[in-house]
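Following: one structure in structure tokens, then a few remarks.
Residue numbers (the working numbering): -15 to 236.
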């Protein structure tokens, strides 16, 4: 009964995220694409990439919905299991890294305004974006490594679960990589983001020529970003640490 309730809750979250996220991200994608085509700025390039990452996650959410509706068993073609997991988890860390990159950009903009204006080149944002995509995708390829270590008989089972049940051999590979993912691709970026936004707000509040409305908007942006980190990303990454300590894959 508890598992059934959990699956229904997961399904509700997926459906709500898909319905609310798809139209807003499509609109954001169109907006930032037009901006980049007209006059590319580093912020717009980073925001465009962040939107693409979110859209990739939303594209694969229907597969996760079907999984949740099927009591967490995988009824779809086998090749979609690792592909869905790869895109789903990669997009989480890609979004995390782009949110961090945006916080760094905003901090540098107020801390070193002259240098920032002189060196505000789109190419830097393009290089950073490519690096983020490569870093996140390379690390999340663990989904494919683990998937194809599963015995063939398990893959063909009617009760096949996708990236849910692991053998001891798989956990020996998976748990250290998950720990590294959590520490390097979440907790380190989170610390950097907190540092950048705290100092961004501190410097902005000390400037007398900045309107109070702009200051409030900046604080709201910082709080929203940090809240997004804590609510959306931290539970999953905390589970990596818990799983490594307990030597098992947490059910949550």
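Every residue, glycine too, gets a C-beta built ideally from N, C-alpha and C.
All values reported here derive from a predicted model rather than from experimental measurement.
| query | result |
| --- | --- |
| Where residue 55 falls: helix, strand or coil (DSSP) | coil |
| Candidates 154, 144 and 163: closest to residue 123 by CA position | 163 |
| With 16 other Cβ atoms within 10 Å as the buried cut-off, status of residue 32 | buried |
| Validate contact between the region 97 to 104 and the region 185 to 198 using beta carbons, cut 8 Å, 3 pairs | no |
| contact_flag[the region 52 to 69, the region 1 to 15] where n(CB pairs < 8 Å) is 3 or more | no |
| Buried versus exposed call for residue 186 [16 or more other C-beta atoms within 10 Å across all chains shown] | exposed |
| Contact set for residue -3: own chain, Cβ-Cβ below 7 Å, skip 5 residues either direction | none |
| Inter-residue CB distance, residue 34 and residue 82 (contact presumed, cutoff 8 Å) | 4 Å |
| Residue 152 to residue 129 span [Cα, whole Å] | 14 Å |
| Residue -8 burial status per 10 Å Cβ neighbour count (16 or more: buried) | exposed |
| Segments of 4+ residues assigned as alpha helix (DSSP H) that fall wholly inside the region -7 to 73 | 26 to 53 |
| For residue 96 and residue 6, the rounded distance between their alpha carbons | 36 Å |
| Close beta carbons around residue 138, own chain, < 7 Å, minus the five adjacent residues each side | The predicted position of residue 138 is uncertain, since its pLDDT is 46 and thus under 50; a value taken from the coordinates is nonetheless stated next. For residue 138, where only same-chain residues beyond five positions count, the Cβ hits under 7 Å are 144. |
| Residue 59 Cβ short of 7 Å to the ligand GDP heavy atom set | As for the ligand GDP, it is missing from this structure, which has no ligand bound. |
| DSSP state of residue 232 mapped onto helix, strand, coil | coil |
| Of the listed residues 56, 77 and 52, nearest to residue 38 (C-alpha basis) | 77 |
| Residues near residue 176 in its chain [Cβ-Cβ closer than 6 Å; skip 5 each side] | 84 |
| Residue 109, DSSP secondary structure in three states | helix |
| Under 8 Å between C-beta atoms of residue 49 and residue -5 | yes |
| The region 209 to 218 contacting the region 113 to 120, beta-carbon criterion three pairs below 8 Å | no |
| Continuous alpha helix (DSSP H) stretch holding residue 207: start and end | 196 to 212 |
| For residue 180, three-class secondary structure by DSSP | helix |
| Span of the alpha helix (DSSP H), counted from its first residue to its last, around residue 159 | 152 to 166 |
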